[in-house]
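Top to bottom, those sequences are chains A and B.
Per the numbering used here, the very first residue in the first sequence carries number 1; after that it's consecutive.
Per the numbering used here, the very first residue in the second sequence carries number 1001; after that it's consecutive.
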Amino acid sequence: MRKIIVFTFILFFLFLARFTFAAETIFEIKNQTFRVGDIFEAGFFVNTEDEDINAIEGKIIFPEEIISLKEIRDGNSIINFWIDKPKNSNGEIMFSGIIPGGYSDKKGLVFSAVFQSLKEGQGIFGINNVKILKNDGEGTEANIKTSNPGFYILKQDQLFPSSIAPEEKDIEPPEPIELIMTSDPEIFNGKQFLVFSSQDKVSGIDHYEVCEGKKCVIAESPYLLENQNLSKEITVKAIDRKGNERVAILPRQKIEKWYERYLIFAIITILVIVIGYLISIILWRGGKK
Amino acid sequence: MVFLSKIKYFFFFAIFCVLIFFPKGASVSGVTNLRIEILALCGNDVQESGEECDGVDLAGSSCVSKGYAGGSLLCNANCTFNTSSCTSGGGGGSGGGGGDAVITSVIFSGRAYPLSKVGILKDGQLVLTTIAGPDSNFNASLSGLSSGNYIFGVYGEDNQGRRSSLFTFPVFITRGAMTQVSGIFISPSIAVDKSVVERGEDIAIFGQSASNAEVTISVNSEEEFFVKTNADKEGIYLYNFDTSPLEMGKHSTKSKAALEGGVSSFSKTVNFAVGTETESDQAPTKISIKGDLNRDLKVNLIDFSIAAYWYKRSLSSDFKKIEAEKLNNDGKINIVDFSIMAFYWTG
């Protein structure tokens, strides 16, 4: 009888293991031991365990006193649209993004981070507040397995090979930009705005620039247009982390009438005044004679 | 007694096998057909389909076969012929090889619905549409890609404008290679003729799939019902489901198709209720889509941007109503709302 109970328990736990969906996050560093001054890359991956997921958010905490963040690489990320692009804020890398239509695979790269070791000691990467949501139309949270990898930093003179993360070469421009001009009563008081998005498969998108005519600014989507009468050509540039650019152009939607061009209007006004003044002088002199 | 004990162990062993193996077999259906292979890779010294030559492999060609008197035929880095070292008998040899014969590209092929529109999304952006043939098969190619990881999505649109669920898959694209993704089987479109059906009446479950496919319809209740029907030559299927065994309350249905050993993934889920009075369903194209914040019947970058605008802001009273209707009705925009949008994404 005891054997049967034990066997039933084993079956029960096997059953649970089979049916409990737990996505796994993996923060992977190639070595666990570095020397002071080493540059190393750590990748943040997700294993979906055969389930479909479509959104992920979280925070990675690193010990700022012994390592510094040099660079974040999101070029080959499974995330198609970032809500919060991964960025460093006082030793924390916050991120959130979505994968439209869902994603299922064993090792999908979310992003990687390049660190440099500053002084000897030991540290741990904390993976906190991670949420992975199922692609089920309701945003159901998946169970998550996480592990917090540790590492050691030794003095420079100790006998360990130096670890340097290879510099990324990127000579390709970002992918073509999806650029739409639209308006919606729910945002920007119904005014015209731009939405844009691009990807860069190597180094990742660094930033976007929007130019209305000749005036250019660093911008994020959605971007409220300054020139609401749409009389200027709009250029959107996607610039990757290595400085390669992709450009998309929206031609001007309305041609300015001559009186809308204030400079021309001002010049014409001055000319009219000058010519009028000259004519009046000539007429005055003629009258005197 | 010993025999009885052996029977017990056999019984537990049988349960063990069912628990371990059955769910696995069920969960992979619909994805097993997909095949991703590199058809041609420029730079591997083997001339393949789509390449004129590759390195030293000139596919048996020479300057003479190209119409020159002699000289050395070479191969460009982009796997096109370079005739600059060829000599002609009279005057005037000619310059280098042609344009880009092999460019980094991906070819998609599979089954949709006869003469239906097929849309292809690259990293969430609609980049290509094509029309399937009368036999439901489609073929489309996409070029101008970089080397790296892409997530592609494919959907079909039936003759009534109903879309299938989005079938997504990750593909690593290699520079200078032609990658083929074959065996895509788009899930059927699905609709019902009643939003509420009187218990005991039939509800028509219908849609479009590949020509002559076997369609399995699942009706979700306390007990899940599976029924089968066949699509006709135009891919149309219809099943009148008797609601007598269903309890009063909310139910849902979905379908998947099988043909010649291939199985599609499940379609979208359509909801209906069993009640005391029958109500007809509204026209499918007018159904409001979850996640469609600007009500253009699409869920795309514009909706994402509208939600991004309200992310971490307190919502206006007007937008609260939209959030309640189109998202999860919690009065704020957070990752859950974006997840809902990602599920209903149309590109």
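Where is the CB? At the ideal position from N, CA and C, for every residue including glycine.
Under the three-pair Cβ rule at 8 Å, the stretch 176 to 185 of chain A does not count as touching the stretch 209 to 219 of chain A. Contact note: A/K191 does not reach chain B at a C-beta cutoff of 8 Å; the least C-beta distance is about 12 Å. Scanning chain B for C-beta atoms nearer than 7 Å to the C-beta of A/D105 yields P1170, reported in chain order. For the 8 Å CB-CB criterion, A/I60 and A/I93 form a contact. Taking C-beta separations shorter than 6 Å and ignoring five residues to either side along the sequence, the partners of B/T1269 in its chain run S1252, K1254, following chain order. Taking a Cβ-Cβ cut-off of 8 Å, the neighbours of B/K1290 in chain A comprise G137, given in sequence order. Bounds of the alpha helix (DSSP H) holding B/K1326 are 1317 to 1326. Chain order gives the chain A residues near B/F1304 as F81, where near means a beta carbon separation below 7 Å. From the listed residues B/K1066, B/I1340, B/L1121, the smallest Cα separation to B/F1304 is found for B/I1340. Note on the stretch 1212 to 1255 of chain B: whole beta strand (DSSP E) runs with a minimum of 3 residues are 1214 to 1220, 1225 to 1230, 1236 to 1242, in chain order. Between A/T48 and chain B, the shortest Cβ-Cβ separation is not below 8 Å. In this structure, DSSP gives B/A1204 an extended state, which the three-state scheme calls strand.
Here B/L1115 carries a coil assignment [DSSP, helix/strand/coil]. Within 8 Å of the CB of A/E168, no CB atom of chain B is found; the nearest one sits about 12 Å away. Bounds of the alpha helix (DSSP H) holding B/Y1309 are 1301 to 1310. Classified as buried, B/W1310 has 16 or more neighbouring CB atoms from the shown chains inside 10 Å of its CB. Within chain A, the C-beta atoms nearer than 8 Å to that of B/I1340 come from G137, E138, G139, in chain order.
For A/I180, the C-beta contacts it makes with chain B under 7 Å involve L1301, I1302, in order along the chain.
Closer than 7 Å at the C-beta level to chain A, one finds these residues of the stretch 1124 to 1155 of chain B: G1124, Q1125, S1146, S1147, G1148, N1149, I1151, G1153. Taking C-beta separations shorter than 8 Å and ignoring five residues to either side along the sequence, the partners of B/F1319 in its chain run W1310, following chain order. At a cut-off of 8 Å between beta carbons, B/L1121 contacts chain A. Under a criterion of Cβ atoms nearer than 7 Å, the residues of chain A adjacent to B/L1166 are, in order, G101. Secondary structure in the stretch 106 to 166 of chain A: the beta strand (DSSP E) runs of 3 residues or longer, each lying completely within the stretch, are 108 to 117, 121 to 124, 126 to 134, 143 to 145, 150 to 154 in chain order.
With its beta carbon at least 8 Å from every one in chain A, B/I1184 lies outside the interface.
In the structure shown, A/N189 adopts helical secondary structure according to DSSP, grouped into three states. The continuous alpha helix (DSSP H) containing B/V1336 extends over residues 1335 to 1343. For A/E28, the closest Cβ of chain B is not nearer than 8 Å. When Cβ-Cβ separations below 8 Å define contact, A/P222 makes contact with chain B. For B/P1170, the pairing in a beta bridge is given by DSSP as B/I1151.
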